Structures are given as structure tokens and as C-alpha cells.
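Shown next, in C-alpha cells, is the structure this report addresses.
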Amino acid sequence: MSTWGLVKTVFFTAVTVVFFFVIWIHNPFAPHEEYELPDEAEKIIGDPKAAIEGRELFKQNCASCHSLRYDGIYLMSVTAKPEWPSIEKAHGKPILEEKDGKLQVKGYFVPRDVYEAVAQTDLQNLKASFGKVPPDLSTMYLARGAGYLYNFIMDPQKVLPGTSMPKLFFPEYDKEAPQKVAKIVAYMRSVNEPPPGEKAKRTLMGIVTIAYFIGMGALLWVYRKRLLAKMGY
Ligand code: HEC
Numbered sequence: 001m002s003t004w005g006l007v008k009t010v011f012f013t014a015v016t017v018v019f020f021f022v023i024w025i026h027n028p029f030a031p032h033e034e035y036e037l038p039d040e041a042e043k044i045i046g047d048p049k050a051a052i053e054g055r056e057l058f059k060q061n062c063a064s065c066h067s068l069r070y071d072g073i074y075l076m077s078v079t080a081k082p083e084w085p086s087i088e089k090a091h092g093k094p095i096l097e098e099k100d101g102k103l104q105v106k107g108y109f110v111p112r113d114v115y116e117a118v119a120q121t122d123l124q125n126l127k128a129s130f131g132k133v134p135p136d137l138s139t140m141y142l143a144r145g146a147g148y149l150y151n152f153i154m155d156p157q158k159v160l161p162g163t164s165m166p167k168l169f170f171p172e173y174d175k176e177a178p179q180k181v182a183k184i185v186a187y188m189r190s191v192n193e194p195p196p197g198e199k200a201k202r203t204l205m206g207i208v209t210i211a212y213f214i215g216m217g218a219l220l221w222v223y224r225k226r227l228l229a230k231m232g233y
């Protein structure tokens, strides 16, 4: 190989290695989690079973102010309207879940404009009480991360001074409070992240795809060499 060829090979190999190192192993551009998460909470947040309990806790504790439309959870005052079930079925897409090996409808994904039209006075009332409409929490896990959410829900004023979101959990009176909050965060995570099995499958797919390109590249290189040899180079 000529010196120039060697320089090019080394250069492109280095660029490729740095590229994959940054996206897979250490990404200095990714946002850093600044909030402390107790070990126990971290364990609960990673547990898919806790997420199922978290969904119920979310409905009990949060759905009076927040919707989570991606998972078919809407304001309590909206779902209590007699016309809601038929609107949900007419305009929504069923959200399926597997239970005991069977697919079941656990809710409906209703387009935002339809939902906001039905919920207009409810949202206005919340705005009148809290100064702003409590946001839909469908993608909040992606936006804020586990540490922020856990600390915020445990004590909103500490994380976001001046916020109108009330403190709902009091470890002084309820020993289960930290676990409950962790389960709610586990639930919000489960809405935004694929389940562990699915994640492993996607990683495998990624590795197989890259291996395929490397394999094909090597074959083409061998083929090119043979062709050149045949042509007398
Ligand atoms: C009584 C009404 C009420 C209840 C109940 C409530 N929230 Fe809120 N929440 C709010 C309001 C109002 C805001 C907007 C606060 C702001 O932006 O200052 C908010 C904001 C938030 C935010 C966004 C914070 C941010 O960084 O912008 C998250 C996350 C959140 N709530 C989670 C929850 C969860 C989880 C529950 C249930 C455990 C819950 N909330 C229960 C009223 C409520």
C-alpha cells in the first residue's frame, strides 16, 4: 500500500471508531442527569411490573390534572362525561395490551384536536385554578428523565420553585410514598421506552445490520482485488 493509501486508511478507521465510541459508549453531548435518584427508586423505575402498578397510581393521583394521551389516559372530569365513551370509540385508535396471552383494549388514543375540543372547559378551569394548563405527560419522561421526575413529584417546589404543581406525596405520613412515586415514574418510562425484550431485539438488529455491511464490504474488496489481478494490475 502506498503511503497516501495508508494515511487514508488510518484516517477513516479513526473517524469511524470515534463515531461509534461517541454514539454507543460515551456521548459528551447527551444531557447529563443532575438529579439524585435513590438506588431503590432506580430499581423500581427499571421494572416493567412496577410500571403496571404505576399506571393505576397515575390514574388515582395525577389524572385529575394531567392527561397522558399516548396511553389513553384523559382528565377524570372528561372521562366522567356521559358522551365520552362513544367519542373515544368513534375518533380514537384502540391501544392494545397483552394480558394472559390475549390482546385486550386498554384505552383509546384520541387525536389531540378532538380531545381538546371535548375537554375545553375542563382545561380552562384548570388554567383558572393553576395559572396554566397542566401539561399532557405523554412524552415527559423523554423530556425530563427519571431523576428530574422523581425529585419533582416528591417535592415540586424544590425542583421548580414557584410552580403551581402541588406536592402530593408526604413520606412523613406515608412510608410508601417514595415507592409510589418511583412506580409512577416507571409507568411514564414504560410509555416512552420499548420493553426490555424489544430493546434487546432492536440492539441485535442493529448489530446484524452493521455486520452485514462490514461483511459485504470485505467481499467487495476481495472481489475488486481479484478483478484487478485478472486485468493485470
Ligand atoms: C392539582 C393538580 C395537579 C395534580 C393532581 C398533579 N399535577 Fe402535575 N402539574 C400541575 C400543574 C399546574 C403543572 C404546571 C406547573 C408549572 O409549569 O409550573 C404541573 C406540571 C407537571 C409536570 C411538568 C414539570 C415541568 O418540568 O414542566 C410534571 C412532570 C407533572 N406535573 C407530573 C405530575 C404527576 C406524575 C402527578 C401525579 C403524581 C401530577 N403531576 C399531579 C398540576 C397537577
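Sequential numbering of the sequence shown, starting at 1, is according to the working numbering.
Note that CB positions come from ideal geometry on N, CA and C, so glycine has one too.
Since the structure is predicted, the reported quantities are computational estimates derived from the model, not experimental observations.
In the DSSP assignment, Gly107 forms a beta bridge with Ile95. Taking a cut-off of 8 Å for Cβ pairs, the region 178-193 and the region 26-42 touch, as three or more such pairs fall below it.
Inter-segment contact for the region 104-123 and the region 219-233 is absent: fewer than three beta-carbon pairs are separated by less than 8 Å. Ranking Ile23, Asp47, His91 by CA distance to the CA of Lys183 puts Asp47 first. Counting C-beta atoms within 10 angstroms of its own C-beta, Phe152 has 16 or more neighbours from the protein chains shown and is therefore classed as buried. Comparing alpha-carbon positions, the option among Val191, Glu36, Ser129 lying closest to Tyr150 turns out to be Glu36. In the DSSP annotation of this structure, the continuous segment of the alpha helix (DSSP H) that includes Asp39 starts and ends at 39-45.
Tyr115 sits away from Arg55, with the two beta carbons spaced by 8 Å or more. As a beta-bridge residue in DSSP terms, Leu68 pairs with Ile73. The DSSP-derived three-state label of Lys199 is helix.
Per DSSP, the unbroken alpha helix (DSSP H) holding Phe20 starts and ends at 3-20. Taken in chain order, the complete alpha helix (DSSP H) segments of 4 or more residues contained in the region 112-187 are 112-118, 120-130, 140-154, 156-159. Its chain contains Ser67 as the residues whose beta carbon lies nearer than 6 Å to that of Tyr74, once the 5 sequence neighbours on both sides are disregarded; these appear in chain order. Take Met76, set aside five residues on each side of it, and the residues of its chain with a beta-carbon closer than 6 Å to its own are Ala63, Ser64, in chain order.
For Ile207, the number of other beta carbons within 10 angstroms of its own is below 16, and it is reported as exposed.
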